[in-house]
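Student: Questions regarding the structure given below will be posed in turn.
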Amino acid sequence: MKEQKWIHEGLITESLPNGMFRVRLDNEDLILGYVSGRIRRSFIRILPGDRVKIEVSRYDSTRGRIIYRLRNKDSGD
1 MKEQKWIHEG LITESLPNGM FRVRLDNEDL ILGYVSGRIR RSFIRILPGD RVKIEVSRYD
61 STRGRIIYRL RNKDSGD
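Just so you know, the sequence shown maps onto residues 1 to 77 in UniProt numbering.
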């Protein structure tokens with residue numbers, strides 16, 4: 001049986017070594033996020049200030065997997 005995961009939206013606040021990021025969720029929690037393999041394979045760049053969707057485990061709510069980079073409204077990408 002698959003593990004239950006919660007999906008949140010947040011803002012990248014800091015870039016850390018080895019593809020890790022500090023993410024501030026919309027509910028003001030700070031968690032540590034890493035880039036999913038699909039994003040890494042597609043060479044999608046994630047920078048501080050980007051809005052992302054992050055998948056968080058029920059059992060460890062301090063770490064999560066970044067699964068999607070949301071489009072910024074002010075930029076043309």
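C-beta atoms are modelled at their ideal positions from N, C-alpha and C, and glycine is treated no differently.
Measure how close the beta-carbons of Ile-54 and His-8 come, nearest whole angstrom, since I'm counting them as under 8 Å.
Tutor: Sure, about 5 Å apart at Cβ, within 8 Å.
Student: Provide the residue span of the alpha helix (DSSP H) that contains Ile-39, from first to last.
Tutor: It spans 37-41 - the alpha helix (DSSP H) in which Ile-39 sits, taken as one unbroken run.
Student: Kindly give me the distance between the Cβ atoms of Gln-4 and Arg-58, rounded to whole angstroms, as I take these residues to be in contact under 8 Å.
Tutor: Contact flag correct, Cβ pair sits at about 5 Å.
Student: Quick one: what's Tyr-68 bridged to in DSSP?
Tutor: According to DSSP, Tyr-68 bridges with Lys-53.
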